[in-house]
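In this note's numbering, the protein residues as written are 173 to 422.
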């Protein structure tokens, strides 16, 4: 059965790539994002419906959900690809920066799930994919804020998977390491920092949006119908361990 897949952050690197994969297999992506120009470009390339909205505005987003269900059809799956990257030691963070990181990553997930899950409960079907980070499981220097925020997302996923299992609604998360998106460009566009990051990853490279999108598209598919409450690490092995520094023989 073809699915209608609501993708928040649909104009971003991972959101747009997920939309392409969903469309390629015959499902219908519906895109939501704040940046109207970028969103329109992605949507038009896929002939997909799109809606401009800020998911941090609960009333506005709930109104979008109602419009999607009326204008496009019943939402079968949600991929919430909204997030931020905050890499700064805790003592250098302001309280506003801390709160904003939690809001963009964890509160936005709450708002999106709250607006969409009641629709799925009535139909007794549905699937959600949220996004975490390798730093939620593994301690990484200066990642205090984003680790805390994404740990909250992981807790939401595991608990909601149990709460809504009787409605046949699945919740899973994807936890990437550094991925080449516009959001993380400051981390990979510099040759020195990129080389250092590559050296940390056992598979010897950083991620591409397609790596992460493939996992998200799988988790909302029928092939994953018996998978719920899981956090899938798509991280080049970094979540398991990192390579020791290379020793140059004399």
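Every residue, glycine too, gets a C-beta built ideally from N, C-alpha and C.
Fair warning: this is a prediction, and the values are worked out from it, not measured in the lab.
Backbone CA spacing between residue i and residue j [nearest angstrom]
i, j, result
"residue 422", "residue 250", "With a pLDDT of 41 at residue 422, under the threshold of 50, the predicted position of this residue should be treated as unreliable, though the coordinate-derived value follows. So the two alpha carbons sit approximately 55 Å from each other."
"residue 420", "residue 371", "In this prediction, residue 420 has a pLDDT of 45, which is less than 50 and means its spatial position is unreliable; nothing more can be read from the coordinates."
"residue 261", "residue 311", "12 Å"
"residue 247", "residue 179", "10 Å"
"residue 218", "residue 406", "25 Å"
"residue 411", "residue 384", "15 Å"
"residue 351", "residue 338", "35 Å"
"residue 369", "residue 416", "13 Å"
"residue 187", "residue 275", "19 Å"
"residue 270", "residue 376", "32 Å"
"residue 374", "residue 367", "13 Å"
"residue 378", "residue 356", "11 Å"
"residue 290", "residue 322", "24 Å"
"residue 304", "residue 330", "12 Å"
"residue 243", "residue 258", "37 Å"
"residue 302", "residue 328", "9 Å"
Distance CB(residue i)-CB(residue j) smaller than 9 Å
i, j, result
"residue 428", "residue 309", "Residue 428 lies beyond the stretch modelled for the chain, which goes from 173 to 422, so this question has no answer here."
"residue 236", "residue 293", "no"
"residue 279", "residue 228", "yes"
"residue 273", "residue 320", "yes"
"residue 206", "residue 225", "yes"
"residue 215", "residue 265", "no"
"residue 326", "residue 185", "no"
"residue 298", "residue 181", "no"
"residue 202", "residue 252", "no"
"residue 300", "residue 362", "no"
"residue 193", "residue 382", "yes"
"residue 349", "residue 403", "no"
First and last residue of the uninterrupted beta strand (DSSP E) at residue i
i, result
"residue 201", "200-205"
"residue 216", "Note, residue 216: premise wrong, no beta strand (DSSP E); alpha helix (DSSP H) at 208-218."
"residue 178", "176-180"
"residue 404", "402-406"
"residue 224", "222-224"
Extent of the continuous alpha helix (DSSP H) to which residue i belongs
i, result
"residue 144", "For the chain, the structure presents residues 173 to 422; residue 144 sits outside this window and is missing."
"residue 410", "It is not in any alpha helix (DSSP H) - residue 410 carries neither H nor E in the DSSP assignment."
"residue 383", "381-391"
**Asked** Does the stretch 186-205 touch the stretch 388-401, meaning 3 or more C-beta pairs lie closer than 8 Å?
**Response** With the cut-off at 8 Å, the stretch 388-401 and the stretch 186-205 touch.
**Asked** Along the chain, which unbroken stretches of the alpha helix (DSSP H) at least 4 residues long are found entirely within the stretch 259-299?
**Response** Entirely contained in the stretch 259-299, the alpha helix (DSSP H) runs reaching 4 residues are, in chain order, 267-274, 280-295.
**Prompt:** Can you list, in chain order, the stretches of the beta strand (DSSP E) that have 3 or more residues and sit fully within the stretch 316-377?
**Reply:** For the stretch 316-377, whole beta strand (DSSP E) runs of length 3 or above, ordered along the chain, are 341-348.
**Message:** List, from N- to C-terminal side, the alpha helix (DSSP H) runs of 4 residues or more that fit wholly inside the stretch 229-261.
**Reply:** Complete alpha helix (DSSP H) runs here, min 4: 230-243.
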